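From first to last, the protein sequence lines are chains C and Z. Every letter in the first sequence is one number past the one before it in full-length UniProt numbering, and letter 50, counting from 1, is 50. Every letter in the second sequence is one number past the one before it in full-length UniProt numbering, and letter 160, counting from 1, is 160. Please read the structure below before turning to the comments.
Protein chains: 2
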Amino acid sequence: MSVYTPLSTAELEHFLSRFALGSLQSFRGITAGIENSNFFVSTGAGEYVLTIFEHHTADEVQDFVRLARHLGQQGLRVPAPVADRQGEWLHQLKHKPAILCPRLPGEHISNPQPEHCAAIGSALAQLHIAAADLSPMRPDNRDYHWWLSTGPQLVSALNEQERGLLEDELAYQTAHRADWLALPQGWIHGDLFHDNALFSDDGQVAILDLYNASAGALLYDLAVVANDWCCDVNGVWKDGCVEALLSGYQTVRPLTAAEQAGWNLVLRGAALRFWLSRLLTRRLQQQQAGELALQKDPAEFMQKLLRRRAQ
Amino acid sequence: MSVYTPLSTAELEHFLSRFALGSLQSFRGITAGIENSNFFVSTGAGEYVLTIFEHHTADEVQDFVRLARHLGQQGLRVPAPVADRQGEWLHQLKHKPAILCPRLPGEHISNPQPEHCAAIGSALAQLHIAAADLSPMRPDNRDYHWWLSTGPQLVSALNEQERGLLEDELAYQTAHRADWLALPQGWIHGDLFHDNALFSDDGQVAILDLYNASAGALLYDLAVVANDWCCDVNGVWKDGCVEALLSGYQTVRPLTAAEQAGWNLVLRGAALRFWLSRLLTRRLQQQQAGELALQKDPAEFMQKLLRRRAQ
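Put into structure tokens, the structure is as follows:
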């Protein structure tokens, strides 16, 4: 998503005056992400990313930021916010929660190869271990219980094949619920698609966008990665990618026997979760677009302005 | 907007158990409003409206709710939240801020007549007076400064006539800024379109949706009403409506000389403000819809699910 919240140079300069980071040199909006407004910001002290949260409460942001700082303190490459002169790291900007983070080095990759999969596997295992001692954990609001409550609401928008698939998969996941519950739990990223990683020339990987982090099965986090990084859009595995991912992960944290046995079950659950959330998003957006077209024509107020000017 | 946040009977029953309002009898989503999810809720104690805030922080909601309670305590018909057994009126539901208010009596009217305009004028003046002693006031984030910063960002989406109109009106408003600043200020509703009012059989009017309330010129609030209640979609005044609105308002609070002199200026500003915000909303929605179509095809994860099931 392009920038939601517009920001003037004066507003940004005022915001930056709280920090000991020198004066503003330049900034520009980042046309990515659909939850937040993001800006690249250059100051005398270096390169930063400013994030304004559009859809999260300050409480939720505090959870994310606490996790990011915890991981950053242990040396992981994640966007950990910088503190201002008063030691505050969570701010208000345009009446919304906002944070300022150092800009992490590296580039996005468009088509992950086995070496990228190995690197992200290893980085994810490090994240799982580094986050383990941070409590309390945020509950996952897109977990099994959400699948069960959301699925039936979407049925009317599905064709017969889709409906059959959804109902059958929900039944399968329910039947194997005990297997899920036997999996090791902890903080998970929850949304580690390849556009949430940066690779730098030194081979290091940075993990972005911790805003879906929550409690969950660690193996589920790995399955989200596999379903995005290791296959094409039809789900066909790319040569060597899953193997590299699992191998990279296990150099840091070996999988348990329950995890090894549950891999396909969890891959299915991870695909189901994003199918459901995308269906829901599409339905809401269609409703919004439809209502907007019907009800909120800007031209109405342009006409009214023209009339008032003619009075 | 239809319901954003899905809610199960069990979730709602759990939520209601905090209140001394008896047990849940029925509920349904309300397909109106684009900022919040709203539900009609019937309990043993009566009829309520549950609001889940989708885009506001708990801090912002606290501001709105404080105002609603303040107005309600002075006898105005506004949605003032009820407290639970612990005396709390602001809650979390599905990780979002939520309030429960008594359902106000009355019906929306589709085409306001002079008697409705007189009644809303009088009710708005009462609101202005009743709110005056509540501080601090929330700043208006859609005020003159927002017009100035937002207008130029929208220019690329406008044709030549629209661009000329926008630039000329911004210059006019800037030239007359001193006249605005001479107007009496206070809490304003900020969005009192006719779908934010309910008329009951006894002729009483309830004012809904205080979520844009902020500090501002009182006359601007009246101009927002005039531009919506008192004219057609082309801005042509309907017979007798503005006169009834102003007369109803002044039975409670007479306009000052500066207000009488500034009426057309403020009518123009109020039309400009909603033209700008609707243009901005349309642009953001188009971007969202476009990105969704390009990037977030649900079918991708349906295919992946099918593959994982076949493994």
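Yeah, the Cβ is synthetic: ideal placement off N, Cα and C, and Gly gets one too. All values derive from a computational prediction rather than experimental measurement.
- Here the C-alpha atom of Ala157 (chain Z) lies approximately 41 angstroms from the C-alpha atom of Gln204 (chain C).
- When the Cα atoms are used, Pro79 (chain C) and Trp146 (chain C) turn out to be separated by approximately 28 angstroms.
- Your pair Ala58 (chain C) and Ala213 (chain Z) does not check out as a contact, with CB atoms roughly 20 angstroms apart and the cut at 8 angstroms.
- Those residues of the segment 250-280 of chain C placed with their C-beta closer than 7 angstroms to a C-beta in chain Z are Asn264, Leu267, Arg268, Ala271, Leu272, Phe274, Trp275, Arg278, Leu279, ordered along the chain.
- Around the beta carbon of Gly87 (chain C), a 10 Å sphere encloses fewer than 16 other beta carbons of the protein chains shown; the residue is thus reported as exposed.
- When the beta-carbon positions are compared, Val225 (chain C) and Gln303 (chain Z) stay at least 8 angstroms from each other.
- Around the beta carbon of Pro152 (chain Z), a 10 Å sphere encloses fewer than 16 other beta carbons of the protein chains shown; the residue is thus reported as exposed.
- Shortest Cα-Cα distance from Gly106 (chain C) to any of C:Ala98, C:Leu192, C:Ala118, C:Ala197 involves C:Ala197.
- Residue pairing for Pro102 (chain C): DSSP places it in a beta bridge opposite C:Tyr48.
- By the 16-neighbour rule on beta-carbons within 10 angstroms, Arg273 (chain Z) is buried.
- Put simply, the backbone Cα of Leu218 (chain C) is about 15 angstroms away from that of Arg142 (chain C).
- Taking 9 angstroms as the cut-off between beta carbons, the residues of the segment 235-247 of chain C near chain Z are Gly235, Val236, Trp237, in sequence order.
- The residue among C:Phe27, C:Leu265, C:Arg308, C:Phe19 with its C-alpha nearest the C-alpha of Arg307 (chain Z) is C:Leu265.
- Excluding sequence positions up to five before and after His194 (chain Z), its CB lies within less than 7 angstroms of the CB of Ile109, Pro112, Asp228, Trp229, all in the same chain and listed in chain order.
- For Ala68 (chain C), the enclosing alpha helix (DSSP H) begins and ends at 58-73.
- Counting only the Cα atoms, Glu300 (chain C) lies some 14 angstroms from Leu165 (chain Z).
- Contact between the segment 23-31 of chain Z and the segment 182-190 of chain Z is absent, with fewer than three C-beta pairs closer than 8 angstroms.
- Chain-order list of chain C residues neighbouring Asn227 (chain Z): Lys304, by C-beta distance under 7 angstroms.
- Note on Glu160 (chain Z): under 16 other CB atoms within 10 angstroms of its CB, so exposed under the neighbour-count rule.
- With its beta carbon less than 8 angstroms from one in chain C, His95 (chain Z) belongs to the interface.
- Only those residues of the segment 47-58 of chain Z whose C-beta falls short of 9 angstroms from the nearest C-beta of chain C are listed: Phe53, Glu54, His55, His56, Thr57, Ala58.
- Per DSSP, the continuous alpha helix (DSSP H) segment holding Asn227 (chain Z) begins and ends at 218-229.
- In the three-state reduction of the DSSP assignment, Phe301 (chain Z) falls in the helix class, which pools H, G and I.
- Listed in chain order, the non-local C-beta contacts of Arg28 (chain C) below 6 angstroms within the same chain comprise Phe40, local neighbours out to five positions each way being set aside.
- For Ser156 (chain Z), no CB of chain C lies under 8 angstroms from its own CB, so it is not counted at the interface with that chain.
- In this structure Pro136 (chain C) is exposed. Its beta-carbon is surrounded by fewer than 16 other beta-carbon atoms within 10 angstroms.
- Residues of the segment 131-142 of chain C that bring their beta carbon within less than 7 angstroms of a beta carbon in chain Z comprise Asn141, in sequence order.
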